[in-house]
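Notes follow the structure.
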Amino acid sequence: MKIPYKANINDFLNHSGNLAFENDHHSNDEIDEDKDYENEESEENEEVEKIKDINKGGNFLLVSGRKRTKVTNDSADILLKKKRKLDNDLYKPPTAEELNQLRETENLFHSNLFRLQIDEMLNAVRLKDKYKNLFDIWFKKFKGTIESIKETKEYELSDVELGKKLNMHISKLNVPKVAKGIFKFLKPTDISIIGSYVFEAAVGSNITVDIMIEMPAKMFQKQDYLNYRYIKKKMIYLAYIASNITDDIAESKRFMNDTLKPVLKIVPSGKLGTKINVLIHISAQEGSFRLSRFLPEKNNVRPQWFFGETKNIAENFVPTPHYNSIILHDVIMKIHAENMKVIREYPNIRDGIILLKIWLTQRELLKGYAAFNGHIITMLILYLLSIKKLNTFMSSYQIVRNVWNYLIHIDWCESGVSMNQNEESKDRILKYHEYYDCVFLDSTGYYNITTDLSKATYRWVQKEAELSLNHLDNAHANSFQSLFMRKVPFYMAFDHFIWFKDAKMLRNLVNVNSSDKDKLDYGPNYRAQAIKILCNTLKEGLANRVHQICVLPNESSEWECTEDNCDNIGKIFIGLELNPEYCFNIVDKGPEANLPEAIEFRNFWGEKSELRRFQDGTTREAVVWSKGKTLSGKRLICKKIVTFLLRKKLGILKKKFIYIASEMEELLQLQKVKITHFAYGTGEEAALRAINVFNQLEKDLMSLTDIPLSIHGVQGSSAVFRYTDVFPPLATVYQPDNQLIKKSKKGLTLPRNITAAPKYVCPLDVSLQLSTSGKWPDELEALRNTKAAFHIQIAECLRKQYKLTTEANFSHINVYKDGFVFRLRVAHSKEVSCLKQQITENGVLQYKDNEKSIELENKLFELPKLTSALHGLHNQQPSFGLACCLAKRWLSAQLLDNSHMPDIVVELLVASMYLMPAPYRPPQMPQIAFLRLLESFARGHWNTDPVIVNFNNEMSKDEIIAVETLFGSSRDSLPPLFISTPYDHQRSLWTKKAPSTLILNRITMLARQ
């Protein structure tokens, strides 16, 4: 029986009017002409290389393959004439083909460089023709082997000796009973190549080729769709084929996926096996079953058969949507394969699919159970062509961009779509939403392509698409590398991670907590049930503390053909993307005590829930997770919540899972010093205390009255003001005891014959800006004397007006306030100008930078400015400061100190990751930021890219281009590490002396380890 629901996919492409881009026209003939032109150009380049060798002098032998040809003077003259002709061709006006290519680049691509990068990447991932030819030979041999398999007699599916009788191993299905039915091997009705290899869109280091082997309809009896009979037959059919594949065809053969969707993985023998893996899929011939039999509301696993007589469930009202989709997938596999073939005619569409696959692969979203796989991408492209969101004239770049834009704005979790445009199919979408997280119906209108795709994974893809599109539109960045070339590992894409690796515990979790309906629907698919239980519990408990709860798609398990699939759960790796607005709250506010929702809240949280009265006057149910003494403690509130939920709700003990959040922060705690007057944590509280005292001192300085010029600017420049001091200075109370410490008019002093030293307090550098005046002297020595006079007067005023302990020096003032020592310096630009003055031999006065002037300018002007910017960045991203501290600790552990890699350089590198985080989002955990910095170190991009630290987007696109142009044209004269900020643009002030190339290479090597 033919299926009446098959849509004509060619209708999707028959639309040339109302195109989205009117100027995006080029034909396949033009593309072929471009290829011919490229071939001619490569031939001409070879001629030029020959001429270069001739010009080196003398006759020589040209080697081409195994032949050697002696070049005579006559042949050399001919080549030289060709060279002149080539030189003349360089100045010819552009040809029509070249103009067309330039026009395409302008209209169809982000930029000329972007097009070149795409072309180079696509050429790199394509399979070479020689391997295609080898595969064609192999496939012909493979097909002949399968077709030569003899048919068997009939056997009972329940026969426990069936494996021995067929001389093979049959994997256990892990269902309660053996299904009734008969198995007889019949020759397949079709053996064909399907999937992305057909239209040359397969990607990966080892190309995967999908082959479909179709079981004939005669193999199936009435009601074989019930109670796993079809799945059992499919499993035996695939195992029988595997047992008949000889060693001259397959170097190795293993089953993969799971027992419900088994696939045979073959590594071809010989050289082909180094480049290609083959996956054998078993499908059912069209007409084997009615498609309506597999609607999601239908029941095809009888509860009495599955549970036995102990369960009393009305079978007519227990849908099995996921079980139904497994069989339906095999029935319509050939239809999907036919639909995809049309892509071969449109290279741009194919290239767009390849780019999207690469993009998903880099984000670990393409492969594995419940992934946003290549099949979904390909069918999405065909759907967008059918609704005219895409057209065949678009470039690969435009296809990718439009797909991202579509994913951002269309929500398959709320309003699904269908490739079948019949009204009946559209009406069916609402029904499908009752059973699946995401709905994307195929051209038959029955099969949901996103059956296994969870809502969380789809939201994850949406966010990645939005992030990529924003980065693509960022005029300040070259986005190609971060979009397609850089990996985005799961462990660096989220903030907190939970890892479950105990399969026995997860299986027990399902047995205890999964509902009977889910057990009936998912059957032996324990992984899907475990993920559903875990994510639902975490989602309810964490609520608005997290933006996303995502599960890493598990790599398909593999097992030998002679063994059972023991591990069908695998490891479950969950990532939490924290919501910075709520994730650090120490209290979960519930409903008011007199509302019905309060009972639900108490039931969920149990003994953790308590009644509390809040400042707004309301009395609510609430859960308190922390006393909130330290920021490091607040960062672990989500961990406390998850641990409580898993233990109380699901019975999972702490030792049964691994929670990864802030393990490295232990390195920033004070292990040997006991702080009694405040909670130290990881140093943030200590830094905040120093900054608060500085703010008070700033007010004092700004309000001084008895000085000739008022102070109108006070800026700190020490690392503590940037929250990046690994161990911030602690307030120390010094009391004069006339033995160790004495008090005098000048302040606190030490006796001459000292026997013990008091605790050291690191002074905090501060620059003072005075109001403008034209009376500053022009001589350097006089100017410094004037500054010294101001130091004395400011110190005296602070003593008199605010009773502070001060000490005035020629170069600075030491001020002791609330246990901290601040070192104040008056900053005046004229001092820098005086240092720059030089008199030439002709007696001409000129201003030129020198080492002293640069050092003074950096200390008094540039560093305070940078400190203010980094302080503001930390206020926006609270994990920034601690990430810098972790980086400094790591470098110090590698015996690299401030002289090798300056602290301010480390801070700027970390800041660049927060200001331009692509392909990530800014992290909320310092540990994740540090891991990303290590990844940046490991890439060792110093020689190829400048580091742009664009605070508040103060640098315009033209300024950034100017920096990149300078970097490209003058790389040899620039520092090994070039950092540009809005304050120094093309000078890279902080890396002129360090780090050296040797140190950078050492850091790269250490990071890669």
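Each residue of the sequence shown is one higher than the last, beginning at 1 in UniProt numbering. For glycine and all other residues, C-beta sits at the position ideal for the given N, C-alpha and C. Note that the structure is predicted; figures quoted are calculated from it, not measured.
Original post:
If ILE118 and LEU355 are in contact, beta carbons under 8 angstroms, what's the gap, nearest whole angstrom?
Top reply: 7 angstroms
Subject >> Inter-residue spacing [alpha-carbon to alpha-carbon] between GLY195 and ALA201 >> reply: 9 angstroms
Original post:
Is the beta carbon of ILE907 sitting closer than 8 angstroms to the one on LEU856?
Top reply: The identity of residue 907 in the sequence shown is Glu, whereas the question assumes Ile. Taking 8 angstroms as the Cβ cut-off, GLU907 and LEU856 do not qualify as a contacting pair.
**OP:** Give the secondary structure of TYR230 by DSSP, where H, G and I count as helix, E and B as strand, and everything else as coil.
**Re:** helix
**OP:** Would you kindly work out how many angstroms separate the C-alpha atoms of THR208 and ILE276, rounded to a whole number?
**Re:** 6 angstroms
**OP:** Please specify which runs of the beta strand (DSSP E), each continuous and at least 3 residues long, are wholly inside the UniProt domain "Nrap protein" (491 to 650), giving them in chain order.
**Re:** 496 to 500, 546 to 551, 557 to 560, 572 to 578, 587 to 592, 609 to 613, 619 to 624
Subject >> Residue range of the alpha helix (DSSP H) that includes GLY163 >> reply: 162 to 165
Subject >> As assigned by DSSP and simplified to three states, the class of PHE694 >> reply: helix
Original post:
Mapping DSSP to helix, strand and coil, what is PHE880?
Top reply: helix
Subject >> Run of the alpha helix (DSSP H) containing PRO926, from where it starts to where it stops >> reply: 926 to 939
**OP:** Give the single residue among PRO596, ASP588, TRP605 whose Cα lies nearest to the Cα of LYS634.
**Re:** ASP588
**OP:** Could you name the residues of the same chain whose beta carbon sits closer than 8 angstroms to that of ASN525, not counting the 5 residues immediately before and after it, in chain order?
**Re:** ASP258, LEU260, HIS322, ASN568
**OP:** Could you have a look at VAL318 and say whether DSSP puts it in helix, strand or coil?
**Re:** coil
**OP:** Within the same chain, show all residues whose beta-carbon is closer than 7 angstroms to that of THR1004, passing over the 5 residues directly before and after it, in chain order.
**Re:** PHE937, ALA938, GLY940
**OP:** Could you please give the first and the last residue of the uninterrupted beta strand (DSSP E) stretch that includes MET916?
**Re:** Run containing MET916: none; DSSP gives neither H nor E here.
Original post:
VAL844 bridges to which residues according to DSSP?
Top reply: For VAL844, which the question treats as bridged, DSSP gives no partner whatsoever.
Original post:
Would DSSP call ASP427 helix, strand or coil?
Top reply: helix
Original post:
How long is the line joining the alpha carbons of LYS6 and GLU964, rounded to whole angstroms?
Top reply: Confidence is the limiting factor: at LYS6 the pLDDT is only 41, short of 50, which leaves the residue's position unreliable and the question unanswerable from this model.
**OP:** Verify whether the separation of the beta carbon atoms of HIS547 and ALA661 is less than 8 angstroms.
**Re:** no
Original post:
Can you pull the DSSP bridge partners for SER418?
Top reply: LEU441
Original post:
For the alpha helix (DSSP H) that VAL209 lies in, which residues bound it at each end?
Top reply: Element bounds for VAL209: not the alpha helix (DSSP H) but the beta strand (DSSP E), 207 to 215.
Original post:
GLY716 and VAL766: beta carbons closer than 8 angstroms?
Top reply: yes
**OP:** State whether the segment 177 to 184 contacts the segment 242 to 255, with contact taken as three or more CB pairs (one from each stretch) at a distance under 8 angstroms.
**Re:** no
Subject >> GLY270, DSSP secondary structure in three states >> reply: helix
**OP:** For ALA994, collect the residues of the same chain with a Cβ closer than 7 angstroms to its Cβ; drop the 5 residues on either side in sequence, then sort them by chain order.
**Re:** SER899, HIS900, MET901, PRO902
Original post:
DSSP three-state call for GLY374: helix, strand or coil?
Top reply: helix
**OP:** Assign ALA687 to one of two classes, buried (16 or more other C-beta atoms within 10 Å of its C-beta) or exposed (fewer than that).
**Re:** buried
**OP:** Determine the DSSP secondary structure at ILE118, reduced to helix, strand or coil.
**Re:** helix
Original post:
On the premise that ALA337 lies in contact with ILE452, defined as a C-beta separation below 8 angstroms, what is that separation, rounded to the nearest angstrom?
Top reply: The sequence given here places Asp at residue 452; Ile does not occur at that position. So it is not a contact: roughly 19 angstroms between Cβ atoms.
Original post:
For the putative contact between ASP330 and ILE280, defined by C-beta atoms under 8 angstroms, what is the C-beta separation to the nearest angstrom?
Top reply: With a Cβ gap of about 13 angstroms, ASP330 and ILE280 do not count as contacting.
Original post:
How many whole angstroms separate the CB atoms of ILE637 and ILE586, which I take to be in contact at a CB cut-off of 8 angstroms?
Top reply: 7 angstroms
**OP:** Reducing DSSP to helix, strand and coil, say where TYR155 ends up.
**Re:** strand
**OP:** Could you have a look at THR981 and say whether DSSP puts it in helix, strand or coil?
**Re:** coil
Original post:
With 16 as the cutoff for other CB atoms within 10 Å, does HIS828 come out buried or exposed?
Top reply: buried
Subject >> Buried/exposed call for MET485, threshold 16 Cβ in 10 Å >> reply: exposed
Original post:
Per the contact definition of three or more C-beta pairs closer than 8 angstroms, is the segment 698 to 715 in contact with the segment 832 to 843?
Top reply: no
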